[in-house]
Each structure stands twice: as C-alpha cells, then as structure tokens.
Amino acid sequence: MLGIVQVAGLRFLIVVVKDPQDDLRFTPMNLPKRHHYVPEMLQKNFVDDEAKLWAFDSRNRTKGVWRSTHENLFLEGHLYSHVNADGTKDATLEAWFSELEGEAATVVQKIIASARRGHYPNLTKTERQIWDFFFYQQ
C-alpha cells in the first residue's frame, strides 16, 4: 500500500510492505521464481490481437524474431531473490515490486486512456507520486 505523509512541510511517498512476520512468507512451493524486469502489466498494453508480443533477443540472433506471451518475456529466474545465510531464497523484494506494480497499474491505465482520447492525463498529486515512484524503480 502506498501513502503520502507530510513532515515539517515536506511530503514523502511511503510504501507500506507487509511485516515479514505476516503470512507473506514464501514456502519453497510458492516462492516466485520468474521475476519480470519489465512488468507484465506494462507488457499487456503492447500485445497484438492474439495477446502476443513480438520479440528479438540480441544475445541469440540466430533465433530471429518470434512471438510470445507477456508471461514469457522480459524475465529472469530469481532476479530479485536474496539468498539467506541458511541457503534459502527470500523473494520479499519481488513481492514488494508486485505490490508497487498493483498500485501503479491504475495510474498507467489512466495515462493510457487519456492518451487514447488525445488528452493530457489529469493525475491527482497522489497518482503523480505513485507514477514517479514506479517510474523511478523501473
């Protein structure tokens, strides 16, 4: 959850992440492994009529151009996972990014809807701060 706090005349965007003691803990069975460095909620805005994206991997040029779903592009296994001292993986950062992307998704859709109408997006201060913070994290 995101919120705005004002302290001594300065405004801060506060990101509230669930306490690690809450049921945010991942077990080996539900630990997210596929971490997208381009959020799926952004990719979905560029799919064709069959919900596919066109892709090219400059590291593997022989593969050429191909079509794929947003679930299978712009990702890396355990990109944001941290390995604990006991060898287990901690995906708290991935969960945090997921929470942030959920907050930003409505702002992104508002921006897109305005652009499609040919208008400048009229974002509230909170929406602008969410967008700025999300964009910065990208």
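In case it helps, numbering that gives the first Met the number 0 puts the sequence shown at residues 0 to 137.
In this text, a Cβ means the ideal position worked out from N, Cα and C, and glycines have one as well.
Of the residues 120, 133, 128, the one whose Cα lies closest to the Cα of residue 100 is 133.
Shown here, residue 73 sits in coil according to DSSP, grouped into three states, outside any helix or strand. In this structure residue 52 is in contact with residue 69, their Cβ atoms being roughly 6 Å apart against a cut-off of 8 Å. Put simply, of 106, 38, 83 the residue whose alpha carbon is nearest the alpha carbon of residue 126 is 106. Non-local beta-carbon contacts of residue 45 in its own chain, meaning distances under 7 Å to residues more than five positions away in sequence, involve 52 in chain order. In this structure residue 103 is buried. Its beta-carbon is surrounded by 16 or more other beta-carbon atoms within 10 angstroms.
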